[in-house]
Amino acid sequence: MGRAALYPGSFDPIHNGHLGVIERAASIFSPLIVTVFVNQAKRPLFDGAERVELVRRATAHIPGVVVDQSDGLLVHYAAKQRVDVVIRGLRAVLDFDYEVQIALMNKKMAPGLETIFMLTNETHAYLSSTLIKELASYRADVSALVPPPVADALARKFARGE
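Here my numbering = 1-based position in the sequence shown + 23.
Listed below in structure tokens is the structure:
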């Protein structure tokens, strides 16, 4: 087994941009712990258990990926898992600004924790979970943007009017 890393996110829902980062990171780090972080202050479309299950199903084909869930601080979770590398995906300059602030705060709180930024594949650089949820709420076909289990779950959610 190689060096472990974390790929944290809300993954509400996981999309093909996330998957591209996961596939590449898992080819470098093993295990890659994809962690669904649950923020009680937010109102996600999918609850924590649903998001974990969708991430598990979407990443089942990727060797070395472990899916977990946390509701605490990333630095505490990383220490508990004995992981000192965090992977973050970047789409654009706006992501960079926000992600650097988070990485620097994490570094301040946990000096041994390194953040590695991976650029999202250019074919998925425009994707965001927010945009996907909005499209799906209008019953748009999002099957080219998300893994099949997510497309099905979105269709079911919005068919029920959630």
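Even glycine gets a Cβ: it sits at the ideal position worked out from N, Cα and C.
- In summary, Arg66 is exposed, with fewer than 16 beta-carbon neighbours lying within 10 Å of its beta-carbon over all protein chains present.
- The criterion of a C-beta distance shorter than 8 Å is satisfied by Leu142 and Leu113.
- Taking a C-beta distance under 8 Å as the contact criterion, Phe60 and Gly32 qualify as a contact pair.
- Taking the C-beta atoms as reference points, Ala48 is found no nearer than 8 Å to Leu42.
- Between Leu136 and Val109 a beta carbon distance of about 6 Å is seen, short of the 8 Å cut, so the two are scored as contacting.
- Distance from the Cα of Leu68 is smallest, within the candidate group Asp35, Asn62 and Leu29, for Asp35.
- Excluding its 5 nearest sequence neighbours in each direction, Leu168 has C-beta neighbours in its own chain below 7 Å: His38, Asn39, Leu150 and Ile155, listed in chain order.
- Contact check between the segment 157-176 and the segment 70-77: three or more CB pairs, one atom from each, fall below 8 Å, which counts as touching.
- For Glu137, the enclosing beta strand (DSSP E) has its first and last residue at Glu137 to Leu142.
- The DSSP-derived three-state label of Ser93 is strand.
- Inclusion of Asn144 and Val98 in the CB contact set at 8 Å is not warranted, their separation being larger than that value.
- Per DSSP, Val109 is one residue of the beta strand (DSSP E) stretching across Val108 to Leu113.
- A distance of 8 Å or more separates the beta carbons of Thr138 and Ser93.
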